[in-house]
Structure formats: C-alpha cells, structure tokens
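Residue numbers (our numbering): 23 to 549.
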C-alpha cells in the first residue's frame, strides 16, 4: 500500500501546482484532478480509510515516513504542517467535490486558514465529507456543519453584507484608542453603523419608491467612502446592487433596473482598477462577485484587464485575469488582435493563451498568424492553445509540427493533438511511442491514454513487449506509463493486455497493473 500512497502524495503535490496555473474547467487541470480522484477511489475501494500523519518533514503511515527522500513529498509535508494539518484521513466517500474543496484549502495561505477558524473549519464550510483532518470524526464534522448552517440561517438578514466579507471588527477602536479619544471615534462608528443599516434596509425592501430612496442614500454614503479612498468599505454596496440586478434575488423588474443603474454609477476607472487589483489577489473570497462586477462594467473594463494581463509576471494573477476576461467572450477578440500586433513576446504569449481559453474558430486566424513567427516560445504557446480548439485546421498544424520533428515543439504538439481525441491521430502518436527518443516517447505514451481511443491499444501493447538496443528492456517508467494509459482507455482489449503483463511482472509494474485492474472493476463492476 505504501507505493500506492506515494503515488497519491506525488499526484496531490502535482494537483496543487496545476491548480495555480489553469482556470477551472481547463483540460490539463481536469486531467490531473481526475487522475488524483481515481487514485483515491482505488486506494479506498476496499472500504479502508487512508490515515496519514504529518510532521514538519515527513508524511507518515503506520509509524514509517512515506518516501522520506522524495523532495515533492517533503515539500508537501512542510506545506501541510504550516497549515496545522497534522492528521489526514481519506475515506471511501471521497468525491470530486471533496477533492476540489481540499485543494482549495491547500491553495490558501496559512494566515487565511487560521482567520477562517482553521483547516477543519474551512473544509466544513466547503461541505467536504470524504476528507477528515486532525482526527475529527465524521459525527463531529456533521455537528460542525449543522452549527454553521444554523448560524447562517440566524444571520440571513445580514447576508448581503456578509457576502462582501467586511470585517466589522476592523474599524472598531481598541481599548487604548477609546481611552485616548472616545469622543473622536464615535462619529466614524456611527457613520459605519448608518451605512450598514442602510444596506440591511435596502436588502429587504421590495417597494420600488422606498427602494429608490434608499438607493440614493446608499450611493451618497458609498461615494463619500470612495472619495476618501475607502473602497473596501464601499464594496458591500456594489455587491448588494449587483445581487439585486439578478431575477433570482429580486423579482421586481423596476427595482432590478434601479439596482443596475446604481451599480453602473460606481464603475468608474478608479473603481475598475481597484476591482482588477482585488481579482488578482490569491486569497480573494469574493472573486466571483468581483468578476461579475467587471463584466457589468463592459468595455470600460476590458482594456484595463488586458493591460494587467500583459504586464503581470505572476502565474496566479495571469490565471485569474484570464478567467475573468474569458467571461467577455467574442467581444474582446479585436482587442486581443491589437495587442498581438505590438510584437512584444511576453504580451503575445499571454494573448495566445487567452485565445486558446476563448476557443472557437474565431481564435484560429490570429493563432495561425502567430505560429508563422520564428520565436519557438511563441510557436509552443500556439500549439498549447490549439489543444482547446479541435478542428481539421488545428489538427493539421499539430500533425505538421510532429512530422517536422523540432524537439522544442513536438512534445507539446503530441499532447495537444491527443486532447482532440481524434482517431485519425492515433497512428501518428502511436509511431512516436514506438520510435521516438526517451522523452518524446514518454509524451507519446501518455498522449495515447489522454486520447482514450481503443486503436491505441496495439501500440501500447508493443511498448510493453518491445526490447531496446542490444536486447535491453524498455525502462520501467515507460512501461508504467503504458499501463496507466491502457487503464484510461479501458475496454476488454486494454484490460486483457494489462492482465497479461501483470502475470509476468513484479515490483512497481506489478503494483501498477493491480491498481489499474482494481480501478477498472470499480468503474465497470461487470468485468
């Protein structure tokens, strides 16, 4: 079992890193998360929990460190330890939602976790049940989640203010400050309370005339805050107006119209730049609402967003900005093309990635034009984006890149082509799996699994039986990759091939075969 758990921890570390580079829904991210979930389901399929203990350097199972010399696992142990996660339990109820929640926790900074009440509290708020931390029992978790739900119901009238994540204690004076100037603090306190009361009143109001009056008073207060550079304090008003533009939360059409007009009043250049800064923050809890606000700003927000994307060097910022810009759809294509014409490598690569996320035939022309450049990094970025745009023309570019044999491009072209899941590509990738040098061979073997086509099985079977130069065996790494790819393809032919290999294997290859075969039984009980 230790070997399986080593694989799980390596995949967990990989998943955390991948989460910082790709937006939700990206094929690369979905592939990694799906693979990680499959490993967890396989490891707990016999109804036995995985229980691991963590110290500052190691992750421990049954009193023994798991792969203590593995740097990735050591780094993961340190990360968990700093977040005060000392015991990790995975049970057979593990689901995709649990994996998403746990990875969201790991993506948080320690201080942000502690502010939320600790790691156990964070997972409880995310309704994670398949992963338990720090020896919390399932019953204790349910009690905690029920308490959170009760608290939520009890504070329903304050919901809109709470969604803005305002810290009501942040502006409260300390005891020492009260002693020094209690009378001076009162006006600010009263002002803050007045604003919150206005928001609460407006949140519950359904009479159009009264709502209009309240909205004007809220605008006046919020404008004053913005004028004093207290934009964070003004945000609850924007969140509430945004919510009231949606039929789900406000049935009265006249009030929705007032809310929409009020919201647009706030979306000045200053506020848009402030919102863009917020959306880039790694631990921003209201990112989705802020993205919606920027979308409401329309064209006024697109240029500043594209400028921010062009200038950033931080991967997480690029990820959040791209995810925001994609929401604007085809409306931003012409602006992307304008930036491609600037002929600045860093900007070009960011715009190419954005075109890939937008997808569709509308992205093809600028991508094809960018591919004619001699810069290999730009060419590789184009090949990566083409993975998201399966079509005859994009497949041709990828196939040509493989046939041309430029080592800097072939690996990316192989993976991107496989993501098209096109049967006509299997032969080309299969030949690479048999004939290419070591690194490209590995990429091709993985790609056959990503493609998931049964036509790939004979090629993978040859990889498993193939001899190297002078009769030397093909490396275990390549064989393991081939077995994993067969597992992803599934079907009788793939499973029989794995069974045949399993009979003649031992060590890591045998364990990989067993794990894949057990997983296939879970997914298809009829086997």
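Glycine included, every Cβ here is placed at the ideal spot set by N, Cα and C.
Just so it is clear, the structure is predicted and the values come from calculations on it, not from any experiment.
Item to check | Segment limits, alpha helix (DSSP H) that includes residue 253 | outcome: 253-266
Item to check | Beta-carbon proximity check, residue 433 vs residue 461, cutoff 8 Å | outcome: yes
Checklist entry - Any beta-carbon of chain B closer than 8 Å to the one on residue 129? => result Judged by its chain identifiers, the structure shown contains no chain B, having just a single protein chain.
Next on the checklist: On the CB-based measure, 16 or more other CB atoms within 10 Å of its CB, does residue 335 come out buried or exposed?
Outcome noted: exposed
Item to check | Spatial neighbours of residue 236 in its chain, beta-carbon cut-off 8 Å, leaving aside the 5 residues before and after | outcome: 220, 223, 224 and 227
Item to check | Reference residue 533; option with closest CA among 383, 163, 61 and 54 | outcome: 61
Item to check | Beta-carbon gap between residue 503 and residue 524 smaller than 8 Å | outcome: no
Next on the checklist: Less than 8 Å between the C-beta atoms of residue 31 and residue 40, yes or no?
Outcome noted: no
Item to check | Cβ pair residue 120, residue 150 closer than 8 Å | outcome: yes
Next on the checklist: residue 95 and residue 81 - do their beta-carbons sit closer together than 8 Å?
Outcome noted: yes
Checklist entry - Could you give the distance in angstroms between the alpha-carbon of residue 537 and the alpha-carbon of residue 439? => result 28 Å
Checklist entry - Closest by CA to residue 353, which one among 332, 385, 331 and 371? => result 385
Item to check | residue 192 classed as buried or exposed, judged by whether at least 16 other C-beta atoms fall within 10 angstroms | outcome: Residue confidence is low: residue 192 scores 40 on pLDDT, short of 50, so the model does not pin down where it sits. Its coordinate-derived value is still stated next. Exposed.
Item to check | Neighbourhood of residue 349 by C-beta, 7 Å cutoff - its chain only, sequence neighbours within 5 removed | outcome: 313 and 317
Checklist entry - Can you round the beta-carbon distance between residue 485 and residue 515 to whole angstroms, since I take them to be within the 8 Å contact cut? => result Residue 485 to residue 515, Cβ: 15 Å. No contact.
Next on the checklist: Using the Cβ count rule (16 or more neighbours within 10 Å means buried), how would you classify residue 407?
Outcome noted: buried
Checklist entry - Around the Cβ of residue 85, are there at least 16 other Cβ atoms within 10 angstroms (buried) or fewer (exposed)? => result exposed
Next on the checklist: Mapping the DSSP letters down to three states, classify residue 49 as helix, strand or coil.
Outcome noted: helix
Next on the checklist: Tell me which residue opens and which closes the beta strand (DSSP E) that residue 83 is part of.
Outcome noted: 81-83
Checklist entry - Does the distance from the C-beta atom of residue 397 to that of residue 361 stay below 8 Å? => result no
Item to check | Where residue 429 falls, given that 16 or more other Cβ within 10 Å makes a residue buried | outcome: exposed
Item to check | Element boundaries [beta strand (DSSP E), containing residue 74] | outcome: 72-76
Next on the checklist: Check for me: the beta strand (DSSP E) holding residue 153 runs from which residue to which?
Outcome noted: 153-155
Checklist entry - Where DSSP assigns a beta bridge to residue 110, which residues make up the other side? => result 74 and 155
Item to check | Unbroken alpha helix (DSSP H) run spanning residue 528, endpoints | outcome: Unbroken run through residue 528: none, as it is neither H nor E.
Checklist entry - Quick one: any contact between the region 103-114 and the region 155-169, if contact means 3 or more CB pairs under 8 Å? => result yes
Checklist entry - Just reading off the alpha helix (DSSP H) that residue 405 is part of, what are its end residues? => result 398-408
Item to check | Alpha-carbon to alpha-carbon, residue 217 and residue 54 | outcome: 46 Å
Next on the checklist: Going residue by residue through the region 442-527, where are the continuous beta strand (DSSP E) segments of at least 3 residues, counting only ones entirely within it?
Outcome noted: none
Item to check | residue 326 - DSSP class collapsed to helix/strand/coil | outcome: helix
Checklist entry - Going by the CB atoms, is the gap between residue 446 and residue 471 shorter than 8 Å? => result no
Next on the checklist: For residue 284 and residue 113, what's the separation of their Cα atoms in angstroms?
Outcome noted: 49 Å
Next on the checklist: Tell me the rounded alpha-carbon separation between residue 97 and residue 34.
Outcome noted: 11 Å
Checklist entry - Out of 370, 103 and 311, which has the shortest C-alpha to C-alpha gap to residue 400? => result 370
Checklist entry - Which same chain residues, not among the five before or five after residue 126, have their C-beta less than 7 Å away from its C-beta? => result 148
Checklist entry - On the three-state DSSP scale, how would you describe residue 169? => result helix
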